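In the working numbering, the protein residues as written are 4 to 291.
Printed below as a string of structure tokens:
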């Protein structure tokens with residue numbers, strides 16, 4: 004085989020490796036956004052690389068911002084190894100949160116709030132300082148936030164075939180951000196000793212999801228999220244920085260799933276409790 008034939012073969016192999024992997028087209032993203040607005044299942048993105056997923060998410064975010072308005076924060080997704088396994092992923096992903104997505108504790112929500120609606124026990128933190136964008140440890144994060152907020156996330160997997168979603172495709176659908184219910188904020192304490200106590204409590208807490216009768220629907224530990232839930236913010240800071248983005252004071256950050264993702268049913272009242280986190284009040288949602 005001569006040099007020219009070798010180069011041709013190499014080019015053919017490279018092109019074959021990229022077949023089916025590309026950023027979603029403008030038309031495909033427009034159609035997905037229309038499906039999301041109509042709460043009808045969209046075509047399932049397949050064959051995307053991580054870069055393709057990020058590119059597709061950026062296009063979708065541009066459309067969502069026109070329809071939903073102001074960005075109020077970010078969600079880190081696939082931060083729990085069990086959830087990563089479900090979506091055949093080996094790293095977290097992120098999406099944007101928009102105005103109107105975060106509802107008050109005890110909210111009543113249509114069980115069909117999305118095309119593929121789910122609910123899970125989660126947690127928010129509120130950014131106090133732009134120093135959060137340089138955070139390398141959970142303590143760095145704690146110094147740069149002023150609230151820890153119990154949160155029931157209500158994501159929407161959007162697509163016709165959710166089992167076919169992988170990490171890149173989850174990124175492409177803005178990590179399914181749709182709605183969530185926020186509980187009573189817990190202030191970050193001022194003293195060093197109290198902050199270390201809060202860090203330990205966040206890592207060791209048991210988050211329990213139950214129905215109105217008290218029957219358990221799911222549970223998890225704080226450490227199920229990247230060994231410490233505030234590590235989700237450390238990861239997010241790095242991921243946003245790679246795309247020239249940064250968290251701002253006042254932003255709300257969703258940390259990820261402590262419980263399995265479950266389908267809502269009309270008449271169900273679900274409550275998440277944060278056992279072992281002093282001062283944390285339960286957060287509830289009722290589906291109609």
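Cβ coordinates follow ideal geometry from the N, Cα and C atoms, glycine included. Treat the numbers as computed from the prediction; the structure is a model and nothing was measured.
Between which two residues does the beta strand (DSSP E) containing residue 222 stretch?
219-224
Mind reading off the beta-carbon distance from residue 157 to residue 181? Whole number of angstroms is fine, and I expect it under 8 Å.
6 Å
Among 224, 245 and 202, which residue has its Cα nearest to the Cα of residue 233?
202
Would you mind reading off the limits of the alpha helix (DSSP H) that contains residue 239?
234-245
State the Cα-Cα distance for the pair residue 62 and residue 174, rounded to the nearest angstrom.
11 Å
For residue 150, the residue or residues it bridges with in DSSP:
129 and 190
Starting from the C-beta of residue 101, find all residues in its chain whose C-beta is less than 8 Å away, skip the five residues before and the five after it, and write them out in chain order.
67, 68, 71, 72, 73, 74, 75 and 180
Alpha-carbon spacing of residue 119 relative to residue 224, whole angstroms
26 Å
CB contact below 8 Å: residue 47 versus chain D
Considering every chain present, this structure includes no chain D. It has just one protein chain.
Identity of the residue in 113, 159 and 170 nearest residue 290 by Cα
113
Check each candidate in 31, 95, 183 and 268 and name the one with the smallest Cα separation from residue 108.
183
Integer Cβ distance of residue 185 from residue 105, believed to fall under 8 Å:
5 Å
Just the Cα atoms here: how many angstroms apart are residue 268 and residue 155?
15 Å
Would you call the CB atoms of residue 151 and residue 80 closer than 8 Å?
no
Straight-line CA distance for residue 128 to residue 251?
12 Å
Can you look up residue 228 in the DSSP assignment and give me helix, strand or coil?
coil
Nearest-angstrom Cα separation, counted from residue 197 out to residue 59:
42 Å
Looking only at its chain, what residues have a beta carbon closer than 6 Å to the beta carbon of residue 295, apart from the 5 residues adjacent to it on each side?
An answer regarding residue 295 cannot be provided, because it is not within the stretch 4 to 291 covered by the chain.
For residue 265, which three-state DSSP category applies?
strand
Local conformation of residue 57 per DSSP, three classes
helix
Cα-Cα separation, residue 40 to residue 34
10 Å
Would you mind sorting residue 349 into buried or exposed? The rule is 16 or more other CB atoms within 10 Å of its CB.
Limits of the chain in this structure are 4 at one end and 291 at the other, which puts residue 349 out of reach.
Cβ shell of residue 32 (< 8 Å), same chain only, five flanking positions each side left out
59, 62, 63 and 66
Would you be able to state if there are at least three C-beta pairs under 8 Å between the region 82-98 and the region 130-147?
no
How big is the Cα-Cα spacing for residue 6 and residue 25?
In this predicted model, residue 6 has a pLDDT of only 42, less than 50, meaning its place in the structure is not dependable; the value taken from the coordinates is given anyway. Approximately 30 Å between the Cα atoms of the pair.
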